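Data first, discussion second: the structure below is written as structure tokens.
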């Protein structure tokens with residue numbers, strides 16, 4: 043079985059340098075690549091040797107090359123707090139988890155997808171606060187995948203690096 047890979051999700055700028063959203067481990071054989079959309083960074087904070095995004099959004103694609111499956115990964119940072127989105131067709135599972143020592147709320151939902159491409163998808167939504175950086179984070183993994191795939195991502199979020 044392949045090893046789990048750690049990915050640094052950051053915005054890069056020639057003037058400002060790198061600004062981190064988080065470091066994320068994804069379960070094997072998944073990998074992460076940047077989506078076409080440029081990360082949006084509104085505010086940042088310096089903690090130790092790293093600069094963290096306090097308010098902004100980044101989008102990536104999580105893919106399993108062998109199964110030819112690609113999922114959307116969206117990370118949103120908010121000042122102080124974050125909460126789970128309220129819209130869903132069905133809540134498949136919900137509960138509490140721990141992300142890097144912080145209490146988190148999560149849910150796996152079935153929801154409508156897209157504006158031009160219609161259909162339904164499953165999504166894992168995880169929201170938690172990170173007091174050392176003074177921000178809240180919402181992490182969403184969504185697409186055509188199994189609930190077991192999403193549970194694997196939830197387990198991987200236990201050691202997400204957010205500060």
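Numbering (my numbering), first residue to last: 43 to 205.
In this text, a Cβ means the ideal position worked out from N, Cα and C, and glycines have one as well.
Given the structure is predicted, the values throughout are model-derived calculations rather than measurements.
How long is the line joining the alpha carbons of residue i and residue j, rounded to whole angstroms?
i	j	result
residue 93	residue 137	31 Å
residue 182	residue 116	5 Å
residue 158	residue 141	34 Å
residue 61	residue 118	14 Å
residue 145	residue 75	27 Å
residue 49	residue 155	26 Å
residue 164	residue 197	17 Å
Measuring alpha carbon to alpha carbon, tell me which of the options ends up nearest residue i.
i	options	result
residue 81	99, 91 and 196	99
residue 78	154, 103 and 86	103
residue 176	101, 188, 106 and 95	95
residue 68	205, 191 and 204	191
Starting from residue i, follow its DSSP beta bridges and name the residues at the other end.
i	result
residue 106	111
Please go through the segment 152–200 and give each complete beta strand (DSSP E) segment of 3 or more residues, from N-terminal end onward. Here the runs fully enclosed are 161–172 and 177–185.
- Message: Count Cβ pairs between the segment 50–57 and the segment 160–178 that sit closer than 8 Å; are there 3 or more?
- Response: Between the segment 50–57 and the segment 160–178 there are fewer than three C-beta pairs closer than 8 Å, too few to call the two in contact.
Item to complete: Report yes or no: do the segment 121–139 and the segment 103–112 share at least 3 C-beta pairs separated by less than 8 Å?
Response: Segments in contact, no.
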